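Before any comments, here is the structure.
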Amino acid sequence: MLTEFYSVISPALIARFKEREENVKADIFHAYITLLRQTKPTVSATDPDAMDQEEGPVAMLQSQIAALVKTVHKQLREKSIKTRQGCFCLLNELVQVLPGALTNHISAIIPGIQFSLGQSYTFTSQSYNFTSKSYNFTSQSYNFTSQSYNFTSQSYNFTSQSYTFTSGS
143 MLTEFYSVIS
153 PALIARFKER
163 EENVKADIFH
173 AYITLLRQTK
183 PTVSATDPDA
193 MDQEEGPVAM
203 LQSQIAALVK
213 TVHKQLREKS
223 IKTRQGCFCL
233 LNELVQVLPG
243 ALTNHISAII
253 PGIQFSLGQS
263 YTFTSQSYNF
273 TSKSYNFTSQ
283 SYNFTSQSYN
293 FTSQSYNFTS
303 QSYTFTSGS
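For the sequence shown, the numbering used here begins at 143 and goes up steadily by one.
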């Protein structure tokens, strides 16, 4: 059944990330995150038959990562905090399900992260709660034009308006 979801529903959800209505877009992110959670490998490494059952959905997810990253990359530059939070939650769930999935795509995601961290926010009568979200993209360092970005155990806390983005050599 998951294989069918990845062949039919997943491409449709990825295409709908471009939705204009913010609440609809949030629901689409949550639906895709739910699909990712169902894909988490839960089988034992000692059961070879069960491992084969997991390969179908995981392989289909791997084949869709480029399209997913391309669409999320555009959404990370949206003005809406809710949209960007959905993107970060989706990316977080993706690397939980498929560690290293963003290895080949991190250069496309970095500008969106920098954009999100560089924004100043003015809150009027609305309250936004982003507490206790930790985004661990990969456990590798990446070198782009003499800069190294390390996302290991990186935590973004939007509640205190204190942003930490580690860059070093």
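Note that the Cβ used here is the ideal one computed from N, Cα and C, for glycine as well.
A quick note: this is a predicted structure, and the numbers were derived from the prediction, not measured.
Looking at the unbroken alpha helix (DSSP H) that takes in residue 249, where does it start and where does it end?
Membership of residue 249 in the alpha helix (DSSP H) is indicated by the continuous run 248-260.
For residue 232, which residues in the same chain have their Cβ closer than 7 Å to its Cβ, ignoring the five residues on either side in sequence?
Within its own chain, the residues whose Cβ lies closer than 7 Å to the Cβ of residue 232, once the five positions on either side in sequence are excluded, are 171, 174, 175 and 214, listed in chain order.
Spatially closest choice to residue 178 from 253, 235 and 167, by CA coordinates
Nearest C-alpha to residue 178: 235.
What are the start and end residues of the alpha helix (DSSP H) that includes residue 223?
Annotation: the continuous alpha helix (DSSP H) that includes residue 223 extends over 223-239.
So is residue 205 buried or exposed if we call it buried at 16+ other beta carbons inside 10 Å?
Exposed, since its Cβ has fewer than 16 Cβ neighbours within 10 Å.
With a cut-off of 8 Å on the beta carbons, I'd call residue 222 and residue 164 a contact; round off their distance for me.
About 5 Å separates the two Cβ atoms, so the contact holds.
Among the residues of its own chain, which have a CB less than 8 Å from the CB of residue 152, if the five just before and after it don't count?
Here the set comprises 174, 177, 202, 203 and 206.
Hey, residue 210 and residue 254: beta-carbon distance below 8 Å or not?
No, these two residues do not count as a Cβ contact at 8 Å.
How far does the alpha helix (DSSP H) with residue 152 in it reach, from first residue to last?
Residues 152-158.
Under the three-state DSSP convention, the category residue 197 falls into
It is helical.
Endpoints, alpha helix (DSSP H) assigned at residue 179:
Per DSSP, residue 179 is one residue of the alpha helix (DSSP H) stretching across 164-181.
At the level of alpha carbons, what is the spacing between residue 156 and residue 256?
Their Cα atoms are separated by approximately 23 Å.
If residue 238 sits next to residue 182, beta carbons under 8 Å apart, how far is it from one beta carbon to the other, in whole angstroms?
With a contact defined as Cβ atoms closer than 8 Å, residue 238 and residue 182 qualify at about 7 Å.
Rounded to whole angstroms, what is the Cα-Cα separation between residue 159 and residue 197?
About 26 Å.
On the three-state DSSP scale, how would you describe residue 144?
Residue 144 falls in the helix class under three-state DSSP.
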